[in-house]
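Protein chains in written order, with my numbering: chain A, 719 to 1247; chain B, 0 to 369. We treat Cβ as the ideally placed atom computed from N, Cα and C, and that holds for glycine.
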Amino acid sequence: MERSNFASEIPIHEIPGGIHPTEHKTRSNQAAIRTLPLAGELIINLKGQAGNRSIPVVEVGDKVLKGQMIAECDGIFSSYQHAPTSGTVTAIEDRTIAHPSGLSDRCIVIQPDGEDQWRELSPQTNIDSLDREAMLARIFESGIVGLGGASFPSHVKLKRENGIHTLIINAAECEPYITCDDKLLQEHAEEVLKGTEIISKLYADINIVIGIEDNKPAAIDALAAARESLSLSNIKIAVVPTKYPSGGEKQLIQLLTGKEVPHGKLPADLGLVMHNVGTCFAIYEAFYQGKPLIQRLVTLTGDACQKPGNYWVPFGTPVEHLITQTDAQSPKHIIMGGPMMGFELPGPNVGIVKATNCIIMSAEGELGISEPALPCIRCGACMDACPASLLPQQLFWHAQADEFDKTEEYDLFDCIECGACAYVCPSHIPLVQYYRYAKSTIRNNKIEKTKAEKARQRHEARQERLERVKREKAEKHRKAAEARKKAAEAAGKKDEKKAAVQAALARVQAKKKAQQADDKDDSASGEES
Amino acid sequence: MTKTTQLPGKNHKGLCMKALSSPYDKKTNSVTQMMLWVVGATLPGVFALVYFFGIGVIANIMIACTTALATESLILRLRQRPVAPILWDGSAFVTAWLLALALPPLLPWWMTVLGTAFAIVFAKHVYGGLGNNIFNPAMVGYVLLLISFPLEMTTWLPPQELAANPVGVADTISIIFSGQASNAATVDMLKQGVDGYTMATPLDHIKTQLAQGYRLPEAESAPIIEGLSGVGWQWVNLTFLLGGLALILKKVIGWQIPLSVLLGMGIVSLPLFFANSDQYLFPMFHGFAGATMLGAFFIATDPVTASTTPKGRWIFGLGIGAITILIRTFGGYPDAIAFAVLLMNMAVPMIDYYTKTRTYGHANKAKELR
């Protein structure tokens, strides 16, 4: 592919590893951005972002307007959802969601009425009049999440102000096939830069760097032109060599700053905050047009796709609709996301979510999905490709033997699952699959362990309580017995006294009787006498 | 019991037959391809061997490869593994091929069969097959033969140009299979050089001469010593070097191990040479004598048995080079690549453990090790 000769405006550092897969980008970045007719129904996944599931605020049968809030946040780490078009809520039920396993989850289903009628919009062009809280609130209420792929709620990422000195805009788009960021910049560079400017106003004093791979000459030129016309000369354009995965957050940070995000820390701990160009565009729209995030640019591509290109797709649009609208010829596999980190959809009736940047409709033999794996020969090609400087061959060795403590010793959790190792593996071992397996097993084990620990504590507490009750009972019994005994003893002593008293009484009575008898005798004798 | 996520596609044979998650991109590399490249890169060396030592080299290769494929199939069947896909990975073929290149050209056929079968069964499958073996199978086979049949294993023909009785194709085949040539010439007769002396390899010759009290310059005056090392042998080594460089360019092997093997040889032999050039060979001689280049580029780089970490590869290579020179100089064997490789194979698990890489975002790994 054509390379830009634009000289990077900041020095670019090296990253270890990386690969140069065939780019497949020209297939989708030639045509202008288009829109498609609305689908018959939109399936909006309430868990379409990182964090908590949104809570529906509409009911079945409700009429909604385009942009109307239909689900609210569950706590701060979540996101609002808005109706992508006007229509009727026909169901709030479990539908298959965009997940490799074909999981179902709660979705709001909207049947469009074809009017596509907006709710009342309240643009805010006077950014300077807003304080930080108001700006964050607008971003929050517009349902904006990171559009680079992780869908991390943007307001959470932007919340921290302290110590942030550099804003990095990620336009690297290093994965093959995907061109939505490239196209967005080519056609909407000014809006993206305005969005960037809005973000920069959240910070007192901030450097702005846009990181972009040199395989996007048109986008780089568009950026430079937009910067000129908006006179935003403080924004630096950093052109990095095309190499996968230079667009990974940690990798782009290393390329642009030469620093590594320390293990267990966040980019913010280095004073950096990174946002994707798509997110900047969404923020621009939220302010300048008052529009919430209801659609995104999606690359529709693959050899089976007859009208490849980038399309504005409302969230919830079923992939099936995209397939029929682009005249795809019975695609062999449908991949959501790129070929390196995306996942194969279990079926086409799945709604597009905020993270969906690309749908690959592959033809027979286009992707290397079912190549059989051979044993690992420890050639180390994976190690040379690993951008995190891990030892993938050793991780694999231990993961396959279920030696999970060893995988952790080899820093399993620093693996970003970019897939570079599996791509270069001559034995075609699905390495990332093994790492995901090991990670999930370790996570599960930890959960099980905490559960077991809690159960143990509960059991012990119960045991202790029972013991205590038993002890207390025993004590009570003992005391009662003692009391009884004392009482009995006391009673015994009383009897003695009683006996004594009675004996005394008896004696007294006997005496009395005897006296009485004497008296009688006396009187009788007296009478006699 | 703890419920854990099942690893999709992992069957009880330990072979994962299908990728069910990303990356989905077409792979550009394969084991078979790598193995083919290794075999292809030895071809210049094979040509040189045949040119100087006759068709026996080809016969050895054919006997060894047939044995390897047959043994591998048999064992795979006994172990109830899929035969075809594993046979096609080419690893057994490469083991046999490399072993054959190290064998003397007129070795009796059954020795070649024994060595190869031993390599496949005991050095490879007993450990669990490809990827699980600790020792380089080709070198295990070679060392077994060297220790069991020291005479036959050190009986090299003189290079054709120095041979008193050059050996023809029919004679070669006849000797390998029956021990006698058509004109009743025995191996001993064919071994003789033009000057009537029994010809050995240059390394063998030097070792014997030094043991008999000669000084190095005297030993080096023999007709077999020429140029970088000896007649024929310098070309054999140069051609293997050429093939090895091609492998590096094609990224089938890394450059670290071959370079460090040669460096290791230099580090040990250079001080010795400067200390006493009457007793110790010039490093360049070591580099182009015996199995040096074959060992450095094709044997030591066997990925399965070599160290796999960046630093470990250097330690592994340097160790092989150093041990080779020490055995060649002070030990009982004229060449020692095989012993050196096996000795370093043994150290690989430890080397790998102590040479972990520093992961992104981590402090120095060495400090974390227990």
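Beta-carbon gap between G243(B) and A295(B) smaller than 8 Å = G243(B) is a Cβ neighbour of A295(B), given a cutoff of 8 Å.
Residue-chain proximity (G1065(A), chain B), Cβ-Cβ < 8 Å | It does not: the Cβ of G1065(A) has no partner Cβ on chain B nearer than 8 Å.
Should C15(B) be flagged as near chain A, meaning a C-beta pair shorter than 8 Å?
-> Its pLDDT being 45, under 50, C15(B) is placed unreliably in this model, and the value from its coordinates should be taken loosely. It does; some Cβ of chain A falls within 8 Å.
Would E1246(A) be called buried (16 or more neighbouring beta carbons within 10 Å of its own) or exposed?
-> Its pLDDT being 43, under 50, E1246(A) is placed unreliably in this model, and the value from its coordinates should be taken loosely. Counting the other Cβ atoms within 10 Å of the Cβ of E1246(A) gives fewer than 16, which makes it exposed.
What did DSSP end up calling G1027(A) once you bin it into helix, strand or coil?
-> Looking at G1027(A) - three-state DSSP - the assignment turns out to be strand.
Limits of the alpha helix (DSSP H) - the one that Q1111(A) falls within | Under the DSSP assignment, Q1111(A) falls in the alpha helix (DSSP H) whose first and last residues are P1110 to Q1118.
Rounded Cβ spacing between I761(A) and R824(A) (contact assumed at less than 8 Å) | The distance from the Cβ of I761(A) to that of R824(A) is about 11 Å, inconsistent with a contact at the 8 Å cut-off.
Give the residues from the stretch 1106–1119 of chain A that approach chain B closer than 8 Å (Cβ to any Cβ), ordered along the chain.
-> Residues of the stretch 1106–1119 of chain A with a Cβ closer than 8 Å to any Cβ of chain B, in chain order: A1106, S1107, L1108, L1109, Q1111, Q1112 and Q1118.
Short check: CB of I845(A) to CB of G913(A), under 8 Å?
-> G913(A) sits away from I845(A), with the two beta carbons spaced by 8 Å or more.
With I886(A) and I971(A) assumed to form a contact (beta carbons below 8 Å), what rounded beta-carbon distance in angstroms separates them?
-> With a Cβ gap of about 7 Å, I886(A) and I971(A) count as contacting.
What residues in the stretch 236–250 of chain B bring their beta carbon closer than 7 Å to a beta carbon of chain A?
-> Per Cβ criterion, the list is empty.
Please name the residue or residues paired with C1076(A) in a DSSP beta bridge.
-> In DSSP, C1076(A) forms a bridge with T1017(A).
4 or more residues per run - each alpha helix (DSSP H) lying fully within the stretch 296–365 of chain B = The stretch 296–365 of chain B contains these whole alpha helix (DSSP H) runs: 309–329 and 336–353.
Taking 8 Å as the cut-off, decide whether the C-beta atoms of S804(A) and V775(A) are in contact.
-> Inclusion of S804(A) and V775(A) in the CB contact set at 8 Å is not warranted, their separation being larger than that value.
Reference G53(B), options G167(B), I205(B) and L98(B), closest by Cα = Distances from the alpha-carbon of G53(B) to those of G167(B), I205(B) and L98(B) put G167(B) closest.
With DSSP collapsed to three states, give me the class of C15(B).
-> Residue placement at C15(B) is poorly supported in this model, since its pLDDT is 45, which falls under 50; the coordinates are not used for a value here.
Alpha helix (DSSP H) containing K877(A): first to last residue?
-> It spans S872 to K877 - the alpha helix (DSSP H) in which K877(A) sits, taken as one unbroken run.
Return the first residue and the last residue of the alpha helix (DSSP H) that L73(B) is part of.
-> Note, L73(B): alpha helix (DSSP H), G55 to L77.
Measure how close the beta-carbons of V930(A) and A890(A) come, nearest whole angstrom, since I'm counting them as under 8 Å.
-> In the sequence on display, residue 930(A) carries Ile and not Val. About 6 Å separates the beta carbon of I930(A) from that of A890(A), a gap short enough to meet the 8 Å contact definition.
Using a cut-off of 7 Å between C-beta atoms, extract the partners of G128(B) located in chain A.
-> Close to G128(B), with beta-carbon spacing below 7 Å, are these residues of chain A in chain order: P1093.
Any contact of the stretch 737–747 of chain A with the stretch 1135–1143 of chain A, i.e. 3+ C-beta pairs under 8 Å?
-> Counting Cβ pairs under 8 Å, three or more are found: they touch.
Beta carbon of V45(B) nearer than 8 Å to that of L100(B) = Yes, they are a contact pair.
Members of the stretch 1051–1063 of chain A that neighbour chain B once the beta carbon cut-off is set at 9 Å = So the close ones are H1051, I1053, G1055, G1056, P1057, M1058, M1059, G1060, F1061 and E1062.
If K26(B) sits next to E1062(A), beta carbons under 8 Å apart, how far is it from one beta carbon to the other, in whole angstroms?
-> With a Cβ gap of about 16 Å, K26(B) and E1062(A) do not count as contacting.
Note down, in chain order, every chain A residue with its Cβ under 9 Å from the Cβ of R372(B).
-> Since the displayed chain B opens at 0 and closes at 369, residue 372(B) lies outside it and no answer follows.
Between the C-alpha atoms of V778(A) and G820(A), what's the straight-line distance to the nearest angstrom?
-> So the two alpha carbons sit approximately 25 Å from each other.
Minimum Cβ-Cβ distance from D88(B) to chain A less than 8 Å | It does: the Cβ of D88(B) has a partner Cβ on chain A nearer than 8 Å.
Any chain A beta carbon closer than 8 Å to L6(B) = For L6(B), the predicted structure reports a pLDDT of 47, less than 50, and the residue's modelled location is therefore unreliable. The matter cannot be settled from this model.
For W1030(A) and T1074(A), the rounded distance between their alpha carbons = Straight through space, the alpha carbons of W1030(A) and T1074(A) are spaced by roughly 12 Å.
Endpoints, the beta strand (DSSP E) within which R1096(A) is located | For R1096(A), there is no enclosing beta strand (DSSP E), since its DSSP letter is neither H nor E.
Nearest chain B C-beta to G996(A) closer than 8 Å, yes or no?
-> Chain B contact via Cβ: absent.
Under 6 Å Cβ to Cβ from V1071(A), same chain only, skipping five residues before and after it: list those, please.
-> Sequence-distant partners of V1071(A) (beyond 5 residues in either direction) whose C-beta falls short of 6 Å from its own C-beta, in its chain, are N763, G766 and A816.
Report back the beta-carbon spacing between L1018(A) and I1087(A) to the nearest angstrom; my notes put them in contact at under 8 Å.
-> No, L1018(A) and I1087(A) are not in contact; Cβ-Cβ is about 19 Å, not under 8 Å.
Can you grab the Cα-Cα spacing for the pair K954(A) / L911(A), in whole Å?
-> Their Cα atoms are separated by approximately 11 Å.
Is the CB of I857(A) under 8 Å away from at least one CB in chain B?
-> Chain B has no Cβ within less than 8 Å of the Cβ of I857(A).
Residue-chain proximity (H285(B), chain A), Cβ-Cβ < 8 Å = Among the CB atoms of chain A, none fall inside 8 Å of the CB of H285(B).
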